[in-house]
């Protein structure tokens, strides 16, 4: 009789396990639909979002920049305050830099002359990155500056206008912004990157992109209110090939673009995941930061598994320990007067960089830091939409 009871118990346990797995599978399938119910309880029609002619506005980070050729140099983005403006520019070492700058006002047909200056931000063997500075005064002028032009002494023709974004002192409501470096488009990488960082409390993203399809940009924009997510895409038509200089330019543009609008910012690649170590969200760490930045160590994680129905970051946990320490700065635009002045050696976050590690024979360490996010990551709305081929 005892054997029959044990057999029944085993059958019951096995049946319960099967039912649990079936329930869990169905729950994961439907979870993302429940997340996107609208106010009246009706689920979103994602096909209508994709085909809609309506495009929701993204968060206002200012003028959309564009690389423009001006004689023998290139200009990208411009920012101004009440008395000066600065423009990010690229030039060859032999290029003759402009000697004069001109400020355009919205109610004037002709520009006014400004005080021209410049500083070198970075350089490589062929090119240099500059900050062109133009000082001006708005005395006796009621209109607002909106653009800059540059001209050399030998030219009587105005070069192309650089549209300006005004940096205004206003209350800051955005806690953290991630600026993402240009990369070859991969829909899965894009969606998983956004989904994970949304889990840790970051919902503002600025992507500098080359080839992201407009349909994807539109889809994410139209989901902004539903997911409480703000994605901005800035066209990156960089005229020359230089990864190092491109990274520096994006870093500077992100710094200026977020300076009056976001408490903090960090510049990441699409394969880099920011992971808090002492909390689930990144924002509790704000109570402990030093006045200007936090150094975050970068840990290379090898991609050995790549099944399509599971986020890459969850599948792969083997990291390389080669003894080299590379850090990325998590920058603060507003000093924290309550700072506890944490030591720079006391890391509060880590960045996992997911890469293919071919022909590596060094030490491999298993790192499960990201595993605590696995359930929420898999169930996240965008990941589920991706898995079910609805993006």
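In this note's numbering, the protein residues as written are 2 to 392.
Backbone N, C-alpha and C define an ideal beta-carbon position, used for all residues, glycine too.
State yes or no: is the beta carbon of residue i nearer than 9 Å to at least one beta carbon in chain B?
| i | result |
| --- | --- |
| residue 392 | Of the protein chains in this structure there is only one, and it is not chain B. |
Pick out whichever of the options has its Cα sitting closest to the Cα of residue i.
| i | options | result |
| --- | --- | --- |
| residue 286 | 62, 11, 171, 176 | 176 |
| residue 264 | 331, 149, 325 | 331 |
| residue 269 | 392, 215, 208, 171 | 208 |
| residue 90 | 107, 178, 246 | 246 |
| residue 390 | 271, 165, 254, 192 | 192 |
| residue 361 | 334, 321, 382 | 321 |
| residue 354 | 76, 326, 379 | 326 |
| residue 349 | 388, 303, 276, 379 | 276 |
| residue 145 | 115, 228, 116, 83 | 83 |
| residue 105 | 281, 171, 164 | 164 |
| residue 122 | 392, 313, 295, 252 | 252 |
| residue 282 | 132, 369, 81, 197 | 197 |
| residue 124 | 212, 241, 78 | 241 |
Strictly by DSSP, which residues pair up with residue i?
| i | result |
| --- | --- |
| residue 353 | 274, 300 |
| residue 129 | 92, 124 |
| residue 79 | 88, 165 |
| residue 118 | 134 |
| residue 329 | 297 |
| residue 233 | 207 |
Can you grab the Cα-Cα spacing for the pair residue i / residue j, in whole Å?
| i | j | result |
| --- | --- | --- |
| residue 43 | residue 182 | Below a pLDDT of 50, predicted positions are generally treated as unreliable, and residue 43, at 47, falls in that range; no measurement from the model is reported. |
| residue 377 | residue 315 | 11 Å |
| residue 306 | residue 92 | 43 Å |
| residue 386 | residue 206 | 19 Å |
| residue 299 | residue 271 | 14 Å |
| residue 260 | residue 16 | 58 Å |
| residue 190 | residue 254 | 23 Å |
| residue 60 | residue 301 | 32 Å |
| residue 234 | residue 257 | 16 Å |
| residue 267 | residue 173 | 17 Å |
| residue 117 | residue 86 | 10 Å |
| residue 101 | residue 112 | 12 Å |
| residue 185 | residue 280 | 32 Å |
| residue 202 | residue 222 | 18 Å |
| residue 224 | residue 95 | 47 Å |
| residue 137 | residue 150 | 13 Å |
| residue 317 | residue 120 | 44 Å |
| residue 109 | residue 333 | 38 Å |
| residue 153 | residue 63 | 28 Å |
Just confirm the distance between the C-beta atoms of residue i and residue j, as a whole number of angstroms; I'd bet it's less than 8 Å.
| i | j | result |
| --- | --- | --- |
| residue 352 | residue 297 | 5 Å |
| residue 166 | residue 195 | Not quite, the Cβ-Cβ distance comes to about 24 Å (not below 8 Å), so this is no contact. |
| residue 382 | residue 228 | 6 Å |
**Prompt:** What are the start and end residues of each continuous beta strand (DSSP E) run of 3 or more residues lying completely inside the stretch 81–113, in chain order?
**Reply:** 85–93, 101–106
**Prompt:** Of all the beta strand (DSSP E) runs that stay within the bounds of the stretch 355–381, which reach a length of 3 or more residues?
**Reply:** 365–367
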